[in-house]
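Asks:
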Amino acid sequence: MDTSQLATQIVIGLSVLLVLWYPFGRQMNRRRGLQALRWLREGIRAFEGQAAVNWVGASAFRVDVQGALGPFKKVGMMVLLEAREVLLLWISNRLRGQRDILVIRGDLRRKPKIDLELMRRGWRAGRAMKALEKEGWTVDTLNGMFIALKRDEEIASRLASTPSEAAGLVRLSLKKRSPHLIANFHLTGLEGMTAESLFHFLEKVMEITS
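Counting in the numbering used here, the final residue of the sequence shown is number 213, and the numbers go up one at a time with none missing.
#1: Starting from Gln12, trace the alpha helix (DSSP H) in both directions and tell me its first and last residue.
#2: Do you know how far the Cα of Ile13 is from the Cα of Ile2?
#3: Roughly how far, in whole angstroms, is the beta-carbon of Pro182 from the beta-carbon of Asp110, given that I think they are within contact range, below 8 Å?
#4: What do you get for Thr6, buried or exposed, if any count of 16 or more other CB atoms within 10 angstroms of its CB means buried?
#5: The beta strand (DSSP E) that contains Lys178, what's its start and end?
#6: I'd like the list of long-range same chain contacts for Leu193, defined as Cβ closer than 6 Å, with 5 residues on each side in sequence excluded.
#7: Going by DSSP, name the residue or residues bridged to Phe75.
#8: For a minimum of 4 consecutive residues, which ranges assigned as the alpha helix (DSSP H) are wholly contained in the stretch 120–148?
#9: Please go through the same chain and pick out, in chain order, the residues whose beta-carbon is closer than 6 Å to the beta-carbon of Ser176, but skip the five residues on each side of it.
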């Protein structure tokens, strides 16, 4: 067998693998998404809220919360799943550290007193923190993460005593303007805890900063 024939067979084999993988990866995402949705609904019910769910393809869904949810006046959540159905893209994204993400965005009943950014350490976070530092923010580290805020260092020390339930926290942003809160979490980092505990963690952070 010459090189060109071998290359052709490899391409054909890879193409077949990718086609066969697609429904398998799609099903994996569906199961993962339903698992995350059940987890979120349990936490939302604990705060007497109701969840309206909208799927965005097989790899994402949005949850709009109706009714009370602790300190939130309005809150929505989005789960962004890895592109498991596209095998090569999934492998590439995982090598770059991308994982299933939960995004929480909301407006609070009492807006934060300060603007604050809390980010997991990494080169992207480092660049973002340097940019904030140039704008006059105070940048420090807190429980292994970068924290940036304007003027109120006392809040940083109070945040250091918050419970460490949110091991999956990637970024938490508090602003005086809407949306008051944006928080990103790796879903794998939240395994072993309840959504109710996660919401209590956010509630504690907002009590300190509002």
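By construction, the Cβ of each residue, glycine as well, lies at the ideal position given by its N, Cα and C atoms.
Replies: The structure says:
#1: Thr6 to Ala49
#2: Nothing about residue 2 can be read from this structure; the chain reaches only from 4 to 213.
#3: 6 Å
#4: exposed
#5: It is not in any beta strand (DSSP E) - Lys178 carries neither H nor E in the DSSP assignment.
#6: Gly171
#7: In the DSSP output, where bridge partners are listed per residue, Phe75 has Leu72 and Leu111.
#8: 126–137
#9: Glu120 and Ile185
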